[in-house]
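Report on the following structure.
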Amino acid sequence: MQRAFQRLLRDRGAATAVEFAFVAPLFFALVLSTFEVGWTMTQGMMLDRALDQTIRQVRLGGPDAPQTQEAIRGAICSKTPVILDCRNVLSVELVTIRTPADFPSDTARCIDRSGKVNPTLRFTTGNRSAMIMYVRACAVIDPLTPLIGLALALPKDSTGGYRLVSTSAFMNEP
1 MQRAFQRLLR DRGAATAVEF AFVAPLFFAL VLSTFEVGWT MTQGMMLDRA LDQTIRQVRL
61 GGPDAPQTQE AIRGAICSKT PVILDCRNVL SVELVTIRTP ADFPSDTARC IDRSGKVNPT
121 LRFTTGNRSA MIMYVRACAV IDPLTPLIGL ALALPKDSTG GYRLVSTSAF MNEP
């Protein structure tokens, strides 16, 4: 028995397999975390760009400019193909700012995907007098790799999704 144990200790045949078993999970976690960061940044940038383009249409007020909350949400979703099921995970708030006290002090109100009551969203289009309009869009996104790297560090809701929030502001001209 002692001889067999000594032979096992001298055997170097599986040395690289043991090293691989230690190093491979860390390497794969790093690669998957890199994909997660890239995907999250892509979704965030596309949401920012879609919100800016949509708000530009609203600000210019052309005949095809979206005027309702549903129309603005639809316009944003049509410009963000990387956000899956966009119409069901995106919320849009539009707030009139007349004084600094009117500026929203709370966090973005996002869709509750667990099927419970969704938040009441503020949506005031204002009139054409000179006033500042503040727009906030919030999308609840599922991570690609929920148990590795960045996805572990992000604050999540009860369904495991994290929030992507984009804001914009413009001034109504009389």
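full-length UniProt numbering puts the first residue of the sequence shown at 1, with every later residue one more than the last.
Every residue, glycine too, gets a C-beta built ideally from N, C-alpha and C.
For S33, the enclosing alpha helix (DSSP H) starts and ends at A15 to L60. Close CB contacts of V82 within its chain, under the 7 angstroms cut and outside five residues either way in sequence, are with T42, Q43 and M46 (chain order). Per DSSP, the continuous beta strand (DSSP E) segment holding L90 begins and ends at L90 to I97.
Shown here for I148: same chain residues with a beta carbon closer than 8 angstroms to its own, the five before and five after excluded, namely A29, L32, S33 and E36 in chain order.
DSSP places C77 in the uninterrupted alpha helix (DSSP H) bounded by Q69 to S78.
The continuous beta strand (DSSP E) containing A137 extends over residues M131 to I141. Here F103 carries a coil assignment [DSSP, helix/strand/coil]. Closest option to V135, judged by alpha-carbon separation, among R122, D112, A71 and A153: R122. Three or more beta-carbon pairs drawn from the segment 104-118 and the segment 156-167 are found closer than 8 angstroms, and the two stretches are therefore classed as touching. A Cβ-Cβ distance of about 19 angstroms is found for the pair A139 and V58, leaving them out of contact under the 8 angstroms criterion. Straight-line measurement puts the Cα of V23 at about 41 angstroms from the Cα of A137. In the DSSP assignment, L164 falls within the unbroken beta strand (DSSP E) covering Y162 to N172. Between T54 and P66 the beta-carbon gap is near 7 angstroms, inside 8 angstroms, which marks them as a contact. In this structure, the CA atom of M171 is about 19 angstroms from the CA atom of P63.
In the DSSP assignment, A151 falls within the unbroken alpha helix (DSSP H) covering L150 to A153.
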